[in-house]
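Numbering (UniProt numbering), first residue to last: 1 to 181. Where is the CB? At the ideal position from N, CA and C, for every residue including glycine. Scroll down for the structure; my scribbles are underneath it.
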Amino acid sequence: MDLAVGSTNPVKVDAVERTLERFEPAVTAVAVDSGVPEQPWSIEETVTGAETRARRALEATDADYGVGLEGGVARLEGVPGLSLIMWAAVTDGERLERGGGPTLSLPDEVAARLEAGAELGPVMDDRLGTDGIAEADGAAGVLTAGLTSRTQALGEAVACAFGPFVAAGDVTRTTDESRCY
Ligand SMILES: O=P(O)(O)OP(=O)(O)OP(=O)(O)OC[C@H]1O[C@@H](n2cnc3c(O)ncnc32)[C@H](O)[C@@H]1O
Ligand SMILES: [Mg+2]
Numbered sequence: 001m002d003l004a005v006g007s008t009n010p011v012k013v014d015a016v017e018r019t020l021e022r023f024e025p026a027v028t029a030v031a032v033d034s035g036v037p038e039q040p041w042s043i044e045e046t047v048t049g050a051e052t053r054a055r056r057a058l059e060a061t062d063a064d065y066g067v068g069l070e071g072g073v074a075r076l077e078g079v080p081g082l083s084l085i086m087w088a089a090v091t092d093g094e095r096l097e098r099g100g101g102p103t104l105s106l107p108d109e110v111a112a113r114l115e116a117g118a119e120l121g122p123v124m125d126d127r128l129g130t131d132g133i134a135e136a137d138g139a140a141g142v143l144t145a146g147l148t149s150r151t152q153a154l155g156e157a158v159a160c161a162f163g164p165f166v167a168a169g170d171v172t173r174t175t176d177e178s179r180c181y
């Protein structure tokens, strides 16, 4: 099974490879424009970014599926403060499915800096004295003291977006065309 991921962030590629390991995917990382701001500020922008990445990654390759992953922030109804959200989208060129990942609350001082126009990755790096936290444990890993990680959290979104293709019996392993369940 050939997959094209709409990002060159190794955390995103890893999330796809780990989640879909049973299908022995050949994964190609494709740098694509998400079509949304670098820091998406709503569920809608985050989902749109994931959808656009999935479509553009598939268009750029002859993979079986395009996969898009997008991180964002949003003020969620019923949840105080600002939340970190993450969404995945998977398309086979005709059908597109979406899946959401874990959500966690961001510290007020992080939220304030994002409100002032900063991006979450650099803000987390500045707070932690790290370089590239978004390509490592991520805010998801740091803010949960390692109970999860950005790779693991994004992997849940991938499972929710790819699952409908598996459940429908659409997924075949291109190596031996056997059905994979
Ligand atoms: O190369 P791409 O695919 O764009 O990877 P990215 O790390 O920039 O990820 P996103 O564009 O999906 O995320 C939008 C912004 O939110 C930040 N972000 C999202 N999730 C994060 C996390 O868990 N930890 C740190 N920063 C995160 C990220 O740094 C971006 O500034
Ligand atoms: Mg980005």
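- With contacts defined by Cβ atoms closer than 8 Å, residue 88 and residue 72 do not form a contacting pair.
- Excluding residues up to 5 positions away in sequence, 34, 36, 40, 70 lie with their Cβ nearer than 6 Å to the Cβ of residue 49 in the same chain.
- Judged by beta-carbon spacing, residue 27 lies within the 8 Å limit of residue 17, meaning their Cβ atoms are closer than that value.
- In this structure, the C-beta of residue 39 approaches ligand 1 to less than 7 Å from one of its heavy atoms.
- Residue 111: member of the alpha helix (DSSP H) spanning 108-115, first to last residue.
- For ligand 1, no non-hydrogen atom lies closer than 7 Å to the CB of residue 42.
- At a Cβ-Cβ threshold of 8 Å, residue 147 and residue 120 do not count as neighbours.
- When DSSP reads this structure, residue 155 sits in no beta bridge, so it has no partner.
- The three-state reading of DSSP puts residue 120 in helix, counting H, G and I together.
- Residue 58 and residue 91 do touch by the CB rule: their CB atoms are close to 6 Å apart, below 8 Å.
- Annotated as proximal: residue 151 and residue 14, with beta-carbon spacing under 8 Å.
- For residue 84, the shortest C-beta to heavy atom distance toward ligand 1 is below 7 Å.
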